[in-house]
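Data block below; observations after.
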Amino acid sequence: MPELPEVETVRRTLKAHILNETITSVELFYPKMIHMNEDQFKEKLKGQTVHDIKRMGKYLIFVLDEDALIIHLRMEGKFFIKENEEKDKHEHVIMTFKSGRTLRYHDVRKFGTFDLLPLDQYMDKAPLNKLAREPKDLDLHTFYDKIKHKNLEIKPCLLDQTIISGLGNIYVDETLFHARIHPLRKGKDIQIEEAKRILDAAEKVLDEAVLLGGTTIRSYTSSLGVHGRFQLKLQVHMKKDEPCPICQTKIIKMKVKGRGTYVCPNCQD
DNA sequence: AACGAAACCTGCGCGC
DNA sequence: TGCGCGCAGGTTTCGT
Numbered sequence: 004m005p006e007l008p009e010v011e012t013v014r015r016t017l018k019a020h021i022l023n024e025t026i027t028s029v030e031l032f033y034p035k036m037i038h039m040n041e042d043q044f045k046e047k048l049k050g051q052t053v054h055d056i057k058r059m060g061k062y063l064i065f066v067l068d069e070d071a072l073i074i075h076l077r078m079e080g081k082f083f084i085k086e087n088e089e090k091d092k093h094e095h096v097i098m099t100f101k102s103g104r105t106l107r108y109h110d111v112r113k114f115g116t117f118d119l120l121p122l123d124q125y126m127d128k129a130p131l132n133k134l135a136r137e138p139k140d141l142d143l144h145t146f147y148d149k150i151k152h153k154n155l156e157i158k159p160c161l162l163d164q165t166i167i168s169g170l171g172n173i174y175v176d177e178t179l180f181h182a183r184i185h186p187l188r189k190g191k192d193i194q195i196e197e198a199k200r201i202l203d204a205a206e207k208v209l210d211e212a213v214l215l216g217g218t219t220i221r222s223y224t225s226s227l228g229v230h231g232r233f234q235l236k237l238q239v240h241m242k243k244d245e246p247c248p249i250c251q252t253k254i255i256k257m258k259v260k261g262r263g264t265y266v267c268p269n270c271q272d
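The first sequence maps to residues 4 to 272 in my numbering.
In C-alpha cells:
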C-alpha cells in the first residue's frame, strides 16, 4: 500500500520526530528482513545518530554518521514512536535512542526490508542502484526509450521501478485514468505524446496525493497515526460499478498481470 | 533477454 | 461456529 505519497508522508513525520536522535541499542525479532549478519547490523547501528531522512521512490533512507539505513515498507510496514510500552506482536525492529524513546517497525506481513550500507556506497548497490527516477525528475525521452520496445502492457511497465519509480497499484490506475490510456495498451504502442501525458498525469497525481498526506484505504492505523485524505480524490481505484466522474460510464474492475485494475472503458483507450 | 509465475507473509471476508 | 479458500500487493527469485 505505501506508494510514493505515503512514504513521503512517513518521511516528513519521522524526520520531525527523530532527527538528531542517537541509537543506543537495536532489537531484531525477524532477522530475515535485514540482508546481513544480525549482530553486525546491531553493532553498526549502535552509537550512530540520525542526521537526515531522505526518500527515493518508495524507499526511506536514514542518513547516519557512517551508514545509510535503507528501508522499504512494502505492503504494510509502518513506524511508531513509543516509550517503554510492551512489544506488540507485529513489531519486528525496535531501536532505542539516548532520549529513552523507541522507534518501532511494525509489519503484519513481514514483507518490509532494511539494508545497511556505507554512506559512500549506498547509491551504487542494491536496492537503490537500479531505481529509476520518479515522475517529476524523469526525462520524457529516457522514459519513452524504456517502454517503446516493450511488448508488456503499460500498467506493469509503470509498476516497474527500474522504468519509473514511486507508483504502485493505486496511483498507476489513477495516472492512466488522467492520461486517458488503457492499462492493457502495450508499451511499444504508446506514442511519445501519450508518454508525455502519462508522465504529466503521474506527477500531478503524486503531487496532489503528497499534499493530502497520501491515501488511507485500510481502516487500521497508518504510520505514526497519520491518516491520508487522498482516498477522497480517487477517480477510479476501488470504484467498481460507480459512474466515471467524466462520462458517467460504469467503472470496471479487471485483472492486469494479476493485479486488480480499475478502468473507465469509455475514457481510456 | 524478456517475460511469467511463484514465493514471501498474514488477516480478512466469503461460501459452505 | 468453524473451515478452507481466494485475495490483497511490492519486489525478488526462479523457471521457461
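We put the beta carbon where it would ideally sit given N, CA and C, even for glycine. Since this is a predicted model, take the numbers as computed values, not measurements.
Give the straight-line distance between the Cα atoms of valine 259 and arginine 77, rounded to the nearest whole angstrom.
-> One C-alpha to the other measures close to 20 Å.
Answer yes or no: do asparagine 23 and valine 53 have a C-beta to C-beta separation smaller than 8 Å?
-> For asparagine 23 and valine 53, yes; Cβs fall inside 8 Å.
Three-way DSSP call (helix, strand, coil) for valine 13 in this model = Under the three-state reduction of DSSP, valine 13 is assigned to helix.
For alanine 198, name the three-state secondary structure that DSSP assigns.
-> In this structure, alanine 198 counts as helix in the three-state DSSP scheme.
Arginine 107 burial status per 10 Å Cβ neighbour count (16 or more: buried) = Counting every other CB atom within 10 Å of its CB across the protein chains shown gives arginine 107 a total of 16 or more, marking it as buried.
Which two residues bound the contiguous beta strand (DSSP E) that contains aspartate 42?
-> Taken as a continuous stretch (DSSP letters only), aspartate 42 belongs to no beta strand (DSSP E), being part of the alpha helix (DSSP H) at 41-48.
Residue range of the alpha helix (DSSP H) that includes valine 175 = Valine 175 -> alpha helix (DSSP H) spans 172-182.
Tell me whether aspartate 192 sits in a helix, a strand or coil according to DSSP, three-state version.
-> For aspartate 192, the secondary structure class from DSSP, reduced to helix, strand or coil, is helix.
Identify whether threonine 145 lies in helix, strand or coil by the three-state DSSP scheme.
-> Note: threonine 145 maps to helix in three-state DSSP.
Phenylalanine 117 and methionine 241: beta carbons closer than 8 Å?
-> Not a contact, by the Cβ cut-off of 8 Å.
Closer than 6 Å by C-beta to leucine 155: which residues in its own chain qualify, once you throw out the five before and the five after it? Chain order, please.
-> The answer, listed in chain order, is Gly190.
Would you kindly report the start and end of the unbroken beta strand (DSSP E) that includes proline 248?
-> Run containing proline 248: none; DSSP gives neither H nor E here.
Between histidine 152 and cysteine 160, what straight-line distance do the alpha-carbon atoms span, to the nearest angstrom?
-> The C-alpha of cysteine 160 is placed about 11 Å away from the C-alpha of histidine 152.
Isoleucine 26 to lysine 47 span [Cα, whole Å] | Each residue's alpha carbon lies about 10 Å from the other.
Sequence-distant residues of its chain with Cβ nearer than 8 Å to threonine 252 (five each side left out) = Apart from the 5 residues on each side of it in sequence, threonine 252 sits with its Cβ closer than 8 Å to the Cβ of Pro246, Cys267, Pro268, Asn269 and Cys270 in its chain, given in chain order.
Nearest residue (CA-CA) to tyrosine 174, options Arg136, Val10, Asp142 and Val208 = The shortest Cα separation from tyrosine 174 among Arg136, Val10, Asp142 and Val208 belongs to Val208.
Considering lysine 139, what are the terminal residues of the beta strand (DSSP E) in which it resides?
-> Element bounds for lysine 139: n/a, residue is neither H nor E.
Beta strand (DSSP E) containing proline 121: first to last residue?
-> Element bounds for proline 121: 116-121.
Would you mind giving the Cβ-Cβ distance between alanine 205 and proline 138, rounded to the nearest angstrom? I have them listed as a contact below 8 Å.
-> Yes, alanine 205 and proline 138 are in contact; Cβ-Cβ is about 4 Å, under 8 Å.
Hey, which unbroken runs of the beta strand (DSSP E) at 3 residues or more fall wholly within the region 47-131?
-> With a minimum length of 3 residues, the continuous beta strand (DSSP E) runs that stay inside the region 47-131 are 55-59, 62-66, 70-75, 81-85, 94-100, 105-109 and 116-121.
Between which two residues does the alpha helix (DSSP H) carrying leucine 161 extend?
-> Where leucine 161 is concerned, the enclosing alpha helix (DSSP H) stretches over 157-162.
Does the distance from the C-beta atom of histidine 257 to that of leucine 134 stay below 8 Å?
-> Here the sequence assigns methionine to residue 257, which means histidine is not the residue at that position. In terms of Cβ geometry, methionine 257 and leucine 134 do not form a close pair [threshold 8 Å].
According to the Cβ coordinates, are lysine 113 and threonine 264 closer than 8 Å?
-> The answer is no: Cβ separation not under 8 Å.
Compute the Euclidean distance between the alpha carbons of glycine 169 and lysine 57, then round it to the nearest angstrom.
-> The straight-line gap from Cα to Cα measures roughly 14 Å.
First through last residue of the beta strand (DSSP E) which encompasses isoleucine 26 | Unbroken beta strand (DSSP E) run through isoleucine 26: 26-31.
Methionine 257, DSSP secondary structure in three states | DSSP places methionine 257 in strand when its eight states are reduced to three.
Cβ of phenylalanine 44 within 8 Å of Cβ of leucine 63?
-> Cβ atoms of phenylalanine 44 and leucine 63: not closer than 8 Å.
Can you tell me whether DSSP reads valine 266 as helix, strand or coil?
-> Valine 266: strand per DSSP, three-state reduction.
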